[in-house]
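**Student:**
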Amino acid sequence: MSDTGDNESVAQSRDGQEQVDDNVVPASDNEEDDPIAELYGDEREEYEEEDANGEDLFRDDMLRDYRDQPELDNLSASGIDDTSDITELSFDARRRAEIAMARRDQLSMEDELYWEDGDESAASLARRRKRLVPRQPEEDIDEDDGEVPIDILENYHDRSARDHCSDEAVGREVFRRFKKFLNFFKEPVTNQNKYILSIRHMVAENRLSLEVDYNDLSNENGEPHIAFLLPEAPVQVLERLDQAVTAVVTRIFPWYKRVTNEVKVRVKNLPSEEDIRLLRQIHLNMLIKTSGVVTVTTGILPQLSVLKYDCKSCSFVLGPFVQRQDEETKPTTCPSCQSRGPFELNTEETIYHNYQRITIQESPNLVAAGRLPRSKEVILLGDLCDSCKPGDEIGFPVFNTVIIANHIVRKDRLGLFYFPKLLKKIFKESDSLTDEDIKAIRELAKHPQIAQRIFASIAPTIYGHDDVKQAVGLALFRGQAKNPQGKHRIRGDINVLLCGDPGTAKSQFLRYVAHLAPRSILTTGQGASAVGLT
Numbered sequence: 001m002s003d004t005g006d007n008e009s010v011a012q013s014r015d016g017q018e019q020v021d022d023n024v025v026p027a028s029d030n031e032e033d034d035p036i037a038e039l040y041g042d043e044r045e046e047y048e049e050e051d052a053n054g055e056d057l058f059r060d061d062m063l064r065d066y067r068d069q070p071e072l073d074n075l076s077a078s079g080i081d082d083t084s085d086i087t088e089l090s091f092d093a094r095r096r097a098e099i100a101m102a103r104r105d106q107l108s109m110e111d112e113l114y115w116e117d118g119d120e121s122a123a124s125l126a127r128r129r130k131r132l133v134p135r136q137p138e139e140d141i142d143e144d145d146g147e148v149p150i151d152i153l154e155n156y157h158d159r160s161a162r163d164h165c166s167d168e169a170v171g172r173e174v175f176r177r178f179k180k181f182l183n184f185f186k187e188p189v190t191n192q193n194k195y196i197l198s199i200r201h202m203v204a205e206n207r208l209s210l211e212v213d214y215n216d217l218s219n220e221n222g223e224p225h226i227a228f229l230l231p232e233a234p235v236q237v238l239e240r241l242d243q244a245v246t247a248v249v250t251r252i253f254p255w256y257k258r259v260t261n262e263v264k265v266r267v268k269n270l271p272s273e274e275d276i277r278l279l280r281q282i283h284l285n286m287l288i289k290t291s292g293v294v295t296v297t298t299g300i301l302p303q304l305s306v307l308k309y310d311c312k313s314c315s316f317v318l319g320p321f322v323q324r325q326d327e328e329t330k331p332t333t334c335p336s337c338q339s340r341g342p343f344e345l346n347t348e349e350t351i352y353h354n355y356q357r358i359t360i361q362e363s364p365n366l367v368a369a370g371r372l373p374r375s376k377e378v379i380l381l382g383d384l385c386d387s388c389k390p391g392d393e394i395g396f397p398v399f400n401t402v403i404i405a406n407h408i409v410r411k412d413r414l415g416l417f418y419f420p421k422l423l424k425k426i427f428k429e430s431d432s433l434t435d436e437d438i439k440a441i442r443e444l445a446k447h448p449q450i451a452q453r454i455f456a457s458i459a460p461t462i463y464g465h466d467d468v469k470q471a472v473g474l475a476l477f478r479g480q481a482k483n484p485q486g487k488h489r490i491r492g493d494i495n496v497l498l499c500g501d502p503g504t505a506k507s508q509f510l511r512y513v514a515h516l517a518p519r520s521i522l523t524t525g526q527g528a529s530a531v532g533l534t
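For the sequence shown, UniProt numbering begins at 1 and goes up steadily by one.
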């Protein structure tokens, strides 16, 4: 066997003898100046052909890959530790390692499957990598295979807002935009993520709903198109908003699914308010804001939410059926025995929600002279149940023929016994006291002349009448209830009787106190039969 260097080809015959391929093409003289020819020799054309058609694994010199190479066949013993004892992995640790390796192998296999010959642009490479990212376990219904037009929420000139929001693509877009709003909307003053902080406070208090300010939603930095569609189609839009806030909450706090399967959105601060007397058919199925005094409340009752039925013929359990507010859901046939009934409600597997009915009445100070106050029934669901009691004046956004409350604000939470000139720096626009407010009030209580300052701040536009202001101030703060020896209870309320000539600001005092005190009602002798008045 002759040695011809790298230009020699060796083939193995069938009888086991090696044969020398003498058909070696000599290098030409002009190849000496060619760097590619100098580097690859006569194999340049073969490599160029392989680049175009792929590598030929069954060439004449394929057995060259199997020749002995002693310098490469020796394995190094460095890094091998046969002396120390290695404890066995636990079952959980082994399982986690197998899952990690399987996930790694899956990604590498998908990477090879997506690989294509030829150059790849940066955009296509980014799209390929995005496809390889494992999908999150949460229900991201905003993912869609088709492209959604950017103006899909705005372009509905040929149909109503309710029909437009019933479209599945529009619903997914509302879901996606509201999730973005919750994740990225920031408070203009503090530059903090407002609703992520609200979600954390909600979870800390184990609440089942999140309050969303309509002014934030209609802001240019919010989602004004959702704010426009919300009053027109509240049923369809609120369903998507509930799904979006539930997805955001469960992404941050996955364990919160054990507390509730769905987080509700409560819309507050709607811009316009409708009186109960002015509700008409144009307000049907629209989100409006109204207010009134609670006169009647029922007990908290169970409402069917997800139903299951038992077939009396074969005892097969049918369901679940989601119960809607405006329609009754019942099975027609049994899928097991094809029977058409009768079906009995399975009370054990059926899911219930809290349900309460209240009756609200127009505020007596808004009723015209000689007219009776109008009243309306209101349905409270979920965590809104038992949030008010008879005598409370409340305001909330509602929709439907029977009023279904979405959010309730008690007027006494907005009153809170504050004096505008004295405490306007203490109280903010929020409807509850913060720790800073309580601290400021306690510091103010230490002032030696706090009583005189409070009396002077009552009706500051009225000159004089210091004795009347003192009486009104004492009536606002009330006395202390007493029950000597448990025999006779004396209420702590203070009654004030003002008598004077016409034009001495008696009515102005009453109007000021009506705006100041919680649960106050400005009334006359004709309308003095309302709740809370005797």
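Positions of the beta carbon are idealized from the N, C-alpha and C atoms, including for glycine. These numbers come from a predicted model, not from an experiment.
Please name the residue or residues paired with Asn193 in a DSSP beta bridge.
**Tutor:** Indexing the sequence shown from 1 puts residue 193 at position 193. Answer is Lys186.
**Student:** Looking at Val322: is its Cβ nearer than 8 angstroms to the Cβ of Val237?
**Tutor:** Mapped onto the sequence shown, residue 322 falls at position 322. Mapped onto the sequence shown, residue 237 falls at position 237. Contact flag unset, no.
**Student:** I'd like the list of long-range same chain contacts for Phe343, defined as Cβ closer than 8 angstroms, with 5 residues on each side in sequence excluded.
**Tutor:** In the sequence shown, the residue the question calls residue 343 occupies position 343. Excluding residues within five positions, the ones whose Cβ falls inside 8 angstroms are Tyr309, Asp310, Cys311, Lys312, Leu318, Lys330, Pro331 and Cys334.
**Student:** For the alpha helix (DSSP H) that Lys469 lies in, which residues bound it at each end?
**Tutor:** Here residue 469 refers to the residue found at position 469 when the sequence shown is read from its first residue. Element bounds for Lys469: Asp466 to Phe477.
**Student:** Given this structure, state the Cα-to-Cα distance separating Leu476 from Glu349, to the nearest angstrom.
**Tutor:** Indexing the sequence shown from 1 puts residue 476 at position 476. Indexing the sequence shown from 1 puts residue 349 at position 349. The alpha-carbon atoms of Leu476 and Glu349 are separated by roughly 52 angstroms.
**Student:** Which whole-angstrom value is the C-beta distance of Lys180 and Tyr214, which I expect to be below 8 angstroms?
**Tutor:** Locating residue 180 in the sequence shown gives position 180, where the first residue counts as 1. Locating residue 214 in the sequence shown gives position 214, where the first residue counts as 1. Not a contact, Cβ separation roughly 17 angstroms.
**Student:** Determine the direct distance from the alpha carbon of Asn74 to that of Arg67, and round the result to whole angstroms.
**Tutor:** Locating residue 67 in the sequence shown gives position 67, where the first residue counts as 1. Locating residue 74 in the sequence shown gives position 74, where the first residue counts as 1. Each residue's Cα considered, the two are about 15 angstroms apart.
**Student:** Return helix, strand or coil for Asp383, following the three-state DSSP convention.
**Tutor:** Along the sequence shown, one-based indexing puts residue 383 at 383. Three-state result, Asp383: helix.
**Student:** Less than 8 angstroms between the beta carbons of Ile408 and Ile379, yes or no?
**Tutor:** Your numbering for residue 408 matches position 408 in the sequence shown. Your numbering for residue 379 matches position 379 in the sequence shown. For Ile408 and Ile379, no; Cβs fall outside 8 angstroms.
**Student:** For the stretch 382–396 against the stretch 277–284, are there 3 or more C-beta pairs whose distance is under 8 angstroms?
**Tutor:** No, the stretch 382–396 does not touch the stretch 277–284.
**Student:** On a Cα-Cα basis, can you pick out the residue from Ile351, Val265, Thr298 and Gly479 that is closest to Leu307?
**Tutor:** As a working note, residue 307 is residue 307 in the sequence shown. Closest option to Leu307, Cα to Cα, is Ile351.
**Student:** What is the rounded straight-line gap between the Cα of Ile438 and the Cα of Lys446?
**Tutor:** As a working note, residue 438 is residue 438 in the sequence shown. As a working note, residue 446 is residue 446 in the sequence shown. Near 13 angstroms, if we compare the C-alpha coordinates of Lys446 and Ile438.
**Student:** Is it buried or exposed, Gly395, if we count other Cβ atoms within 10 angstroms and call 16 or more buried?
**Tutor:** The residue you call residue 395 lines up with position 395 of the sequence shown. Classification of Gly395: buried, given that the 10 Å Cβ count is 16 or more.
**Student:** Is it buried or exposed, Gly464, if we count other Cβ atoms within 10 angstroms and call 16 or more buried?
**Tutor:** For the purposes of this step, residue 464 is identified with residue 464 of the sequence shown, where counting begins at 1. Result: exposed.
**Student:** Only counting the same chain, and skipping five residues up and downstream in sequence, which positions put a Cβ closer than 7 angstroms to that of Ile494?
**Tutor:** On the sequence shown, position 494 is the one that residue 494 refers to. The answer, listed in chain order, is Leu474, Ala475, Arg478 and Gly479.
**Student:** Taking 8 angstroms as the threshold, find out whether the stretch 359–378 comes into contact with the stretch 247–266 through three or more Cβ pairs.
**Tutor:** Judged by Cβ distances under 8 angstroms, the stretch 359–378 makes no contact with the stretch 247–266, as fewer than three pairs qualify.
**Student:** Can you give me the C-alpha to C-alpha distance between Leu208 and Asp383, rounded to a whole angstrom?
**Tutor:** The sequence position of residue 208 within the sequence shown is 208, counting from 1. The sequence position of residue 383 within the sequence shown is 383, counting from 1. So the alpha carbons of these two residues sit roughly 7 angstroms apart.
**Student:** Which same chain residues end up closer than 7 angstroms to Tyr256 when comparing Cβ atoms and leaving out the 5 residues on each side of it in sequence?
**Tutor:** What you label residue 256 is simply residue 256 of the sequence shown in a count that begins at 1. So the list reads Val203, Val249 and Thr250, once near-sequence residues are dropped.
**Student:** I believe Val294 touches Asp163 by the beta-carbon criterion, under 8 angstroms. Please report the beta-carbon distance rounded to the nearest angstrom.
**Tutor:** Within the sequence shown, numbered from 1, the residue matching residue 294 stands at position 294. Within the sequence shown, numbered from 1, the residue matching residue 163 stands at position 163. The Cβ separation is near 36 angstroms, so there is no contact.
**Student:** If you draw a straight line from the alpha carbon of Ser166 to that of Leu229, how long is it in whole angstroms?
**Tutor:** Indexing the sequence shown from 1 puts residue 166 at position 166. Indexing the sequence shown from 1 puts residue 229 at position 229. Looking at the two C-alpha atoms, the distance is approximately 12 angstroms.
**Student:** Just list the residues that DSSP pairs Thr250 with in beta bridges.
**Tutor:** Stepping through the sequence shown from its first residue, residue 250 is reached at position 250. DSSP lists no partner for Thr250.
**Student:** Please classify Pro373: is it buried, with 16 or more other beta-carbons within 10 angstroms of its beta-carbon, or exposed?
**Tutor:** Taking the sequence shown and counting its residues from 1, one reaches residue 373 at position 373. So Pro373 counts as buried.
**Student:** Is DSSP giving Lys389 helix, strand or coil here?
**Tutor:** Start at 1 with the first residue of the sequence shown, and residue 389 comes out as number 389. Coil.
**Student:** Among Gly503, Gly486, Ala481 and Ala514, which residue has its Cα nearest to the Cα of Val472?
**Tutor:** Position 472 of the sequence shown, counting from 1, holds the residue named residue 472. Nearest option by C-alpha distance: Ala514.
**Student:** Is it buried or exposed, Thr246, if we count other Cβ atoms within 10 angstroms and call 16 or more buried?
**Tutor:** As a working mapping, residue 246 is identified with position 246 in the sequence shown. It counts as buried.
**Student:** Going by alpha carbons, who is nearest to Phe316 out of Ile300, Cys337 and Val296?
**Tutor:** Locating residue 316 in the sequence shown gives position 316, where the first residue counts as 1. For Phe316, the nearest C-alpha among the options comes from Cys337.
**Student:** Can you list, in chain order, the residues of its chain with a C-beta nearer than 8 angstroms to that of Phe455? Leave out the 5 residues immediately preceding and following it.
**Tutor:** Within the sequence shown, residue 455 is the residue found at index 455, counting from 1. Hits under 8 angstroms: Asp466, Lys469, Gln470 and Gly473.
**Student:** Can you give me the start and stop residues for the alpha helix (DSSP H) that Pro70 sits inside?
**Tutor:** Stepping through the sequence shown from its first residue, residue 70 is reached at position 70. Pro70 to Asp73 is the extent of the alpha helix (DSSP H) around Pro70.
**Student:** Could you tell me the alpha carbon to alpha carbon distance between Gly341 and Pro302, rounded to whole angstroms?
**Tutor:** Taking the first residue of the sequence shown as position 1, residue 341 is located at position 341. Taking the first residue of the sequence shown as position 1, residue 302 is located at position 302. Roughly 25 angstroms between the two C-alpha positions.
**Student:** Taking its Cβ as the centre, do 16 or more other Cβ atoms sit within 10 Å of Leu241, making it buried, or is it exposed?
**Tutor:** Start at 1 with the first residue of the sequence shown, and residue 241 comes out as number 241. Leu241 comes out buried.
**Student:** Return the CA-CA distance between Ile441 and Asn354, expressed in angstroms with no decimal places.
**Tutor:** Position 441 of the sequence shown holds residue 441. Position 354 of the sequence shown holds residue 354. Computed Cα separation, rounded: 38 angstroms.
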